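For the sequence shown, the positions run 186 to 525 when the numbering used here is used. Cβ atoms here follow ideal geometry from the backbone N, Cα and C, with glycine treated the same way. What you are looking at is a predicted structure, and each value in this text was computed from that prediction instead of being measured.
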Amino acid sequence: MSFVKLTASAIAIAAVSATAAAARDQVQVAGSSTVLPYASIVAEAFGENFDFPTPVVESGGSSAGLKRFCEGVGENTIDVANASRKIKDKEIAACAEAGVTDIMEVRIGYDGIVFASQLSGPAFTAFTPSDWFNALAPKVVVDGALVDNPYTKWSDFNADLPDAEIAAFIPGTKHGTREVFEVKVLEAGCEATGAAALIEAAGMDAGDECLKVRTDGVSTDIDGDYTETLARIDANTNGVGVFGLAFYENNTDTLKVATMSGVVPSTESIATGEYPVSRPLYFYVKKAHIGVIPGLKEYAEFFVSDDMAGPSGPLAEYGLVSDPELAATQAGVSDEATMN
186 MSFVKLTASA
196 IAIAAVSATA
206 AAARDQVQVA
216 GSSTVLPYAS
226 IVAEAFGENF
236 DFPTPVVESG
246 GSSAGLKRFC
256 EGVGENTIDV
266 ANASRKIKDK
276 EIAACAEAGV
286 TDIMEVRIGY
296 DGIVFASQLS
306 GPAFTAFTPS
316 DWFNALAPKV
326 VVDGALVDNP
336 YTKWSDFNAD
346 LPDAEIAAFI
356 PGTKHGTREV
366 FEVKVLEAGC
376 EATGAAALIE
386 AAGMDAGDEC
396 LKVRTDGVST
406 DIDGDYTETL
416 ARIDANTNGV
426 GVFGLAFYEN
436 NTDTLKVATM
446 SGVVPSTESI
456 ATGEYPVSRP
466 LYFYVKKAHI
476 GVIPGLKEYA
486 EFFVSDDMAG
496 PSGPLAEYGL
506 VSDPELAATQ
516 AGVSDEATMN
């Protein structure tokens, strides 16, 4: 099933729905670009197999989707928010202020964040969080002191890495992927190199300082989807990008992937938690819309069914790591269990 075809279809459906009458009979979904291809596959299959219209699935990023989700209850608001991270306490509070109080959190499976580069480019095959912190942080530890980052090549701080200019393409701040990258890579590297301790000793907040990225051109935020990151790497032999596992697995003809802390990213290493840079994927449902928006509960149940999200389902074929606790998720959706 083609990602391009699915996305184009979703856009076409959205265009049609924009001219429809006010009374809405389509499920409306927005959010994470990582979850988008999975949700698009489910939406098309749902429209083909149920007596409900095909849901409208839009992207925009986890934060943007949850912001729309928390705008209120009613036909003029979306029913489902896709997210590549858990909803934050401040977002739950914003939801509550707008009257969105009964929220169903549905974990669909897992995705790993991988570090990939040109297949024929430099030998970027093994990284640690410390490598990425040293490459991207504005200040790093040199001879026991915290100094402005002097590094221009990966080999400047790790002789085992290629003698190549640092050219990193990382997710922009709108993406849930960025938050996972910050916590599991930058923050971990900050602590491992000793930078966190020196930052705290200087009276600064390591929680903030460790997540900062240098602005001298060696790192580029990508606000678009992974296809933009791929295009940047195609144009730069030294480029290393951050991708979701599923996207990488669909582009192995042009990309090679690196290990992280010695672990190869795979569906198996992510499902077991062995691979250190992995994350659960979610969607959130307004319980108040169930029974009001036709097909909403059926869509949620179909999404996490064995036929779709199970180990042998089409989502796994696309790269989703099936949740070992999928049966519990299915029961929660059936019972319309909420977060509070």
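Beta carbon of residue i nearer than 9 Å to that of residue j
i    : j    : result
K359 : D393 : no
D491 : G498 : yes
V518 : A485 : yes
D287 : T523 : yes
I478 : R209 : yes
D274 : A311 : no
V425 : S248 : no
L466 : T439 : no
F309 : G480 : no
V214 : A473 : no
Secondary structure of residue i, DSSP reduced to three states
i    : result
Q303 : strand
V242 : strand
G480 : coil
M445 : strand
F237 : coil
R270 : coil
V214 : strand
A206 : Because the pLDDT at A206 is just 31, under 50, the model does not fix this residue reliably, and the point stays unresolved.
D492 : helix
Y295 : strand
I277 : helix
L505 : coil
I407 : strand
S463 : strand
E256 : coil
I475 : coil
G424 : strand
V265 : strand
S519 : helix
E413 : helix
E229 : helix
E290 : strand
Cβ-based burial, residue i [other Cβ within 10 Å; buried from 16]
i    : result
T514 : buried
T437 : exposed
V332 : exposed
E502 : exposed
P323 : exposed
L304 : exposed
E260 : exposed
T412 : exposed
A268 : buried
T313 : buried
G329 : exposed
A420 : exposed
D401 : exposed
D264 : buried
T167 : The chain is shown from 186 up to 525; residue 167 falls before or after that span and cannot be answered.
A387 : exposed
E282 : exposed
D236 : exposed
Cut-off 6 Å between Cβ atoms - residues of its own chain near residue i, not counting five sequence neighbours on either side
i    : result
V299 : F428, L430, Y433, V442, P450
L396 : E367, L371
V325 : N319, N334
A391 : A381, I384, E385
A221 : The sequence shown places Leu at residue 221, not Ala. The answer, listed in chain order, is S244.
S315 : G374, A377, T378
Contacts around residue i, its chain only, beta-carbon distance under 8 Å, and the 5 residues preceding and following it disregarded
i    : result
F366 : I298, I355, P356, V427, V462
T337 : E350, I351, V403
I455 : Y295, D296, G297, L430, S463, V506
Neighbourhood of residue i by C-beta distance below 7 Å, restricted to the same chain and skipping five residues each side
i    : result
E276 : L251, C255
A279 : C255
Near the ligand PLP: residue i beta-carbon under 8 Å from a heavy atom
i    : result
V518 : No copy of the ligand PLP appears in this structure; indeed no ligand is present at all.
Kindly provide the ranges of any alpha helix (DSSP H) runs that are 4 or more residues long and lie completely inside the segment 373-405, ordered along the chain. 373-377, 380-386, 391-394
Could you give the uninterrupted runs of the beta strand (DSSP E) lying entirely in the segment 308-382, keeping only those of 3 residues or more? 324-327, 330-333, 352-356
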